[in-house]
Amino acid sequence: MSLEELSKFVEDGETEDAQALAEKLLKDGVNPLEMIAEMTRTMARVGDLFSKLEIFLPEIMLAGEALSGVVEVMAPYLEEVGGQEVKGKIVIGVVKGDLHEIGKNIVKLILETNGFEVKDLGYNVDPLTFIKEAEAMGADFIGASSLMTTTMPRQKEIIEILNAKGIRDQYKVVIGGAPTSQMWADQIGADLYCKDAKSAPELLTNLTQR
Amino acid sequence: MTTAYRHWEILERSQTGPFMDEDDFLPKHFTPTLKKLIKKYDIKYDPENPCPTDDAMADRIWQAAWELFRDVGYYNTDSHRLIQVTDEEIREALYMAHDQYWVGAGKDAVLWKHRQIEDMDPPFCIMSPDITCDEQYHQSICMAYLKEPLLDGICGPILEKTFGHLIESSGPSEISGCIQHITNQKLAARLLGRPGTFMVAVGTAEHDSGQIAVSDQEWGVQKSDARLVGSLTEFKTADTLLNRSLHYAQYGCFTGNLTGAIYGGWCGGSEGTAVTTVAYSLIGLVIHGAVFNQHFPFHLNYGSNTTRELLWSIAMAGQALARNSRLLHTSNGFANAGPMTEMLFRETAVHAMVSTVTGWHLWEMASTRNKYKNRATPLEARIGMEVGHAVARQGLSRAEVNDISKKLLAKYEDQAADAPIGCEYHECYDVAKAVPTQEHYDMYRRVKDEIADMGIEFPF
Ligand code: B12
């Protein structure tokens, strides 16, 4: 039994088998930091397969669940060696009036499988709800998706409310969705625009390191 | 006869049906059921044949789709409950559905009839850019589509602004934009001398309120026209959507169900996309009382359906529906490339020929991944409809279409990911006259000749 086999279980979305094996490996003395590194490589591979559609949404979702299962098992061991690194906390949703949710769901998955903690607010979400949820979570990022020109102003409203509440600098606001653009992000003062889900983890990470 | 008489019982179930957490619905209920059915019915994608000839598999896909709808139900995201139906209700609805309807009004009315596989009757042709446009081009674009000879129905472009004001979702500007949309479209039809043309309207309406605001026999969407109600991907609805189907039925216009099963998403691959598409036709019929179903299955990454994995789904779903029901369904093309590119003309031609020979009616064409303002024109829709008419009149077989589509695919398939975005409407159309520029027309003519050389006999 090895880390490669653990990878395989995660890739195949076998949560229970993956958890059992992770437990065993850790008890046998495998370094949890090595294990997390292996898991990161696995998820990068799974993400890559998904971006080429060699696997589909349900499969990457199962792999993500298996990964969460393994992380749960690893938690006490990781703490011993100094804790696990969460890349960032984000609340994400589709803005008010907009029912297009598939893009947001993919972004959520990609972020989760890349080590972000994500709170999904769903779709048709009021601007104020984004903020309240971000406060409750202690989020680093607010992610707002808009698929229609008619709902893009709701992204701007999130930023306006943050300003009005005097808490604009506490959150990085990230926007996306087909009709949005870098130009729109600049215009409304968003911190980041992502054209797709694939680029999101790296761009978000860069933002926190600035 | 639509199934509107069952509306109240169906609606009641969205309050009383079994509860389910929305987070569980797709991963734990929809996808596992779909996967099981694909296995049970031995449904297999064949990349070699974008337009397969497989009656037995078509029937198995039909069966799988039926069971998918019956076993999964339809999820109301507002009540968090499943609307479930029985075999008997599905059978009843299929029995009651007419296989033909007169749509449009007066001299412009057209009889829209169910088609068979390899049917020699041409498809019913709905032309639509499927995108938003600048306010100043809206009237011209409506005109330009209405100038198309093969157009049986029109769905006009979507407005982003109304009198210079950005249309904001569910606000007064949405209502105003919706009224402006239908006014432009009806005026264009009147000026062109085809005032009774069948319309599917209005795409500018994002909410039930926007649709309700344009229901008017004199100046608005008439009873001889149709409206769409969308399904949320996959198998989900909401009260704002159910409001529409009820209103359409009570107002008395035709209802169409708008669905796009996503390849790569919860449906998985081509097999699941085909099964889900067929199931959506049953959902449209039974839940929404839809007279026709408007399907646009598309590729998660490309936002198109002109590559082989999607063509296969379209071809098989069409065959399943044609062989097993009397329903009306339109195949909505989504292309990678933009206007005035040879690639777009080829993509539309392939989408239209595969759809036509497998029993679909046509709805062309969402160009440029359905993403960019002003980037769709009637000329690509024209080539699609001309191909559809030719394929039917000529009596081409699925195998013949399969061969021709493979030749055309070879010319564009490797560019799907980075297709050219082409031109905007005003760069390849004379806006004042609503006709294509010479350069644009010449390109269309060139590709049409190329396709004719492959064995398509255009009627004119
Ligand atoms: C599928 C679809 C639908 C489905 C939605 C199903 C669902 N539950 O999601 C249905 C049929 C229900 C639908 C309905 C409608 N739709 Co629609 N729809 C689309 C379509 C074709 C694809 C959207 C999609 O899912 N793409 C696939 C995903 C994977 O891509 P994506 O969403 O862009 O997301 C990616 C990136 O943008 C990015 N991203 C997205 N969000 C975020 C957020 C963050 C934080 C980050 C980092 C990244 C990020 O990452 C994602 C993954 O890479 C688009 C056209 C298009 N090409 O976008 C039209 C489109 C969005 N729809 C449109 C319209 C008009 C409508 C309707 C009004 C139609 C009608 N008249 O009824 C209704 C609106 C209902 C409402 N109130 O919301 C228009 C909007 C026009 C406008 N004003 O801007 C579009 C643009 C089509 C067009 N060109 O006209 N639609």
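Protein chains in written order, with the numbering used here: chain A, 305 to 514; chain B, 756 to 1215.
Note that beta-carbon positions come from the ideal geometry of N, C-alpha and C, so glycine has one too.
| message | Tell me the DSSP secondary structure of Met756(B) in three-state form. | response | Residue mapping note: residue 756(B) aligns to position 1 of the second sequence, counting from 1. Reliability of the predicted coordinates at Met756(B) is poor, the pLDDT of 48 falling under 50, and no value is obtained from them.
| message | According to DSSP, is Ile838(B) part of a helix, a strand, or is it coil? | response | In the second sequence, the residue the question calls residue 838(B) occupies position 83. It is a strand residue.
| request: Provide the residue(s) that pair with Arg982(B) in DSSP beta bridges, ordered along the chain. | output: The count along the second sequence starts at 1 and reaches residue 982(B) at position 227. In the DSSP output, where bridge partners are listed per residue, Arg982(B) has Thr1010(B).
| Exposure label - Ser503(A); buried when at least 16 CB within 10 Å | Walking along the first sequence from the start, residue 503(A) turns up at place 199. Classification for Ser503(A): exposed.
| request: Compute every distance between the C-beta of Arg345(A) and the non-hydrogen atoms of the ligand B12, then say whether any falls below 6 Å. | output: Position 41 of the first sequence, counted from the start, is the residue given in the question as residue 345(A). Every heavy atom of the ligand B12 is 6 Å or more from the Cβ of Arg345(A), so no.
| query | Per DSSP, Val390(A) is paired with what? | reply | Counting from one through the first sequence, the residue named residue 390(A) turns up at place 86. Val390(A) pairs with nothing; no bridge assigned.
| query | Closer than 7 Å, CB to CB, is Met756(B) near chain A or not? | reply | On the second sequence, residue 756(B) is found 1 positions in, with the first residue counted as 1. Note on Met756(B): pLDDT 48, under 50, position unreliable in the model; no value is reported.
| query | Since Leu837(B) contacts Pro773(B) with CB under 8 Å, what's their CB separation in whole angstroms? | reply | What you label residue 837(B) is simply residue 82 of the second sequence in a count that begins at 1. What you label residue 773(B) is simply residue 18 of the second sequence in a count that begins at 1. So it is a contact: roughly 5 Å between Cβ atoms.
| field | Residue closest to Tyr1127(B), alpha-carbon to alpha-carbon, out of Asn510(A), Gly447(A), Ala482(A) | value | Taking the first residue of the second sequence as position 1, residue 1127(B) is located at position 372. Out of Asn510(A), Gly447(A), Ala482(A), Ala482(A) has the C-alpha closest to the C-alpha of Tyr1127(B).
| task | Provide the residue(s) that pair with Glu1119(B) in DSSP beta bridges, ordered along the chain. | result | For the purposes of this step, residue 1119(B) is taken as the residue at position 364 of the second sequence. Glu1119(B) is bridged to Met882(B).
| query | Is any heavy atom in the ligand B12 found nearer than 6 Å to the beta carbon of Val411(A)? | reply | The residue you call residue 411(A) lines up with position 107 of the first sequence. Flag set: Cβ of Val411(A) near the ligand B12.
| Would a C-beta distance cut-off of 7 Å place Thr1010(B) and Ser1025(B) closer than the cut-off? | Translated into positions along the second sequence, residue 1010(B) becomes position 255. Translated into positions along the second sequence, residue 1025(B) becomes position 270. In this structure, Ser1025(B) does not lie closer than 7 Å to Thr1010(B) by Cβ.
| field | Chain-ordered neighbours of Glu764(B) on chain A, where CB pairs are closer than 8 Å | value | By one-based count along the second sequence, residue 764(B) stands at place 9. Those do not exist, as Glu764(B) stays about 25 Å from chain A at its closest Cβ, beyond 8 Å.
| query | Can you tell me whether Thr841(B) is buried or exposed, with buried defined as 16 or more other CB within 10 angstroms of its CB? | reply | In the second sequence, residue 841(B) corresponds to position 86, counting from 1. Counting Cβ neighbours within 10 Å, Thr841(B) comes out exposed, since fewer than 16 surround it.
| query | Does the beta carbon of Gly1001(B) sit closer than 7 Å to a beta carbon anywhere in chain A? | reply | Within the second sequence, the letter at position 246 stands for residue 1001(B). It is worth fixing the name first, because residue 1001(B) is Leu in this sequence and not Gly. Answer no: the Cβ-Cβ gap between Leu1001(B) and chain A never drops below 7 Å.
| Residues that Trp1021(B) contacts on chain A, provided the C-beta gap is smaller than 7 Å | Within the second sequence, residue 1021(B) is the residue found at index 266, counting from 1. Ordered by position in chain A, the residues that pass the 7 Å Cβ test against Trp1021(B) are Leu361, Pro362.
| field | Contact under 7 Å by Cβ, Asn1216(B) with Cys888(B) | value | Here chain B has residues from 756 to 1215 only, and residue 1216(B) is not among them.
| message | Determine whether the beta carbon atoms of Phe1051(B) and Asn1087(B) lie at a separation below 7 Å. | response | Your numbering for residue 1051(B) matches position 296 in the second sequence. Your numbering for residue 1087(B) matches position 332 in the second sequence. Cβ atoms of Phe1051(B) and Asn1087(B): closer than 7 Å.
| request: Quick one: using the 10 Å Cβ neighbour count with 16 as the cut-off for buried, is His920(B) buried or exposed? | output: Taking the second sequence and counting its residues from 1, the one referred to as residue 920(B) is at position 165. The residue in question, His920(B), is exposed, as its Cβ has fewer than 16 Cβ neighbours within 10 Å.
| Backbone secondary structure at Cys1183(B) - three-state DSSP | Counting from one through the second sequence, the residue named residue 1183(B) turns up at place 428. DSSP places Cys1183(B) in helix when its eight states are reduced to three.
| Between the region 419 to 439 of chain A and the region 390 to 406 of chain A, do three or more beta carbon pairs fall short of 8 Å? | yes
| When burial is assigned at 16 or more other CB atoms within 10 Å of the CB, is Asn335(A) buried or exposed? | In the first sequence, the residue the question calls residue 335(A) occupies position 31. Exposed: under 16 other Cβ atoms inside 10 Å.
| query | Run through DSSP, which three-state label would Tyr1196(B) get? | reply | Counted from its first residue, the second sequence places residue 1196(B) at position 441. Tyr1196(B) falls in the helix class under three-state DSSP.
| Own chain partners of Phe1047(B) with C-beta closer than 6 Å, once the 5 adjacent residues on each side are dropped | Taking the first residue of the second sequence as 1, we reach residue 1047(B) at position 292. Hits under 6 Å: Gly1011, Leu1083.
| task | Taking only heavy atoms of the ligand B12 into account, decide whether any of them is closer than 6 Å to the Cβ of Val478(A). | result | Counting from one through the first sequence, the residue named residue 478(A) turns up at place 174. At least one heavy atom of the ligand B12 is nearer than 6 Å to the Cβ of Val478(A), so yes.
| message | Is Met812(B) a contact residue of the ligand B12, with contact defined as CB to any heavy atom under 6 Å? | response | If you number the second sequence from 1, residue 812(B) lands on position 57. Result no, Cβ not under 6 Å from the ligand B12.
| field | Contained alpha helix (DSSP H) runs [length at least 4] in the region 439 to 494 of chain A, N- to C-terminal order | value | 456 to 468, 486 to 492
| query | Whole-angstrom Cβ separation of Ile462(A) and Pro431(A), contact assumed at under 8 Å? | reply | Here residue 462(A) is taken as the residue at index 158 of the first sequence, counted from 1. Here residue 431(A) is taken as the residue at index 127 of the first sequence, counted from 1. The pair is a contact, with the Cβ atoms about 5 Å apart (cut-off 8 Å).
| message | My assumption, with CB atoms under 8 Å, is that Met1198(B) sits in contact with Met1071(B). Please give the rounded CB distance. | response | Counting from one through the second sequence, the residue named residue 1198(B) turns up at place 443. Counting from one through the second sequence, the residue named residue 1071(B) turns up at place 316. That pair is no contact at about 32 Å.
| task | Would you kindly work out how many angstroms separate the C-alpha atoms of Leu1164(B) and Thr1113(B), rounded to a whole number? | result | Taking the first residue of the second sequence as 1, we reach residue 1164(B) at position 409. Taking the first residue of the second sequence as 1, we reach residue 1113(B) at position 358. Just so you know, the alpha carbons of Leu1164(B) and Thr1113(B) end up roughly 18 Å apart.
| message | Output needed for Arg1101(B): all residues of its chain with C-beta closer than 7 Å, excluding positions within five of it in sequence on either side, in chain order. | response | As a working mapping, residue 1101(B) is identified with position 346 in the second sequence. The beta carbon of Arg1101(B) sits closer than 7 Å to the beta carbons of Leu1163, Lys1166, Tyr1167, Val1202 from its chain, once the five residues preceding and following it are set aside; these are given in chain order.
| task | Consult DSSP for Phe990(B) and reduce its assignment to one of helix, strand or coil. | result | Indexing the second sequence from 1 puts residue 990(B) at position 235. Phe990(B) falls in the coil class under three-state DSSP.
| query | Out of curiosity, what's the CA-to-CA distance linking Met756(B) and His936(B)? | reply | Translated into positions along the second sequence, residue 756(B) becomes position 1. Translated into positions along the second sequence, residue 936(B) becomes position 181. The pLDDT assigned to Met756(B) is 48, lower than 50, so where the model puts this residue is not dependable, and the model offers no usable value.
| CB-CB under 7 Å to Leu1055(B), same chain, minus the five flanking residues each way: which ones, in chain order? | The residue labelled residue 1055(B) in the question sits at position 300 within the second sequence. Around Leu1055(B): Ile1017, Tyr1018, Gly1019, Gly1020.
| query | Are any of the Cβ atoms in chain D nearer than 7 Å to that of Glu915(B)? | reply | Note that chain D does not occur in the displayed structure, where the protein chains are A and B.
| task | Give a yes or no on whether the minimum CB-CB distance between Met378(A) and chain B is below 7 Å. | result | Counting from one through the first sequence, the residue named residue 378(A) turns up at place 74. No, because no Cβ of chain B sits closer than 7 Å to the Cβ of Met378(A).
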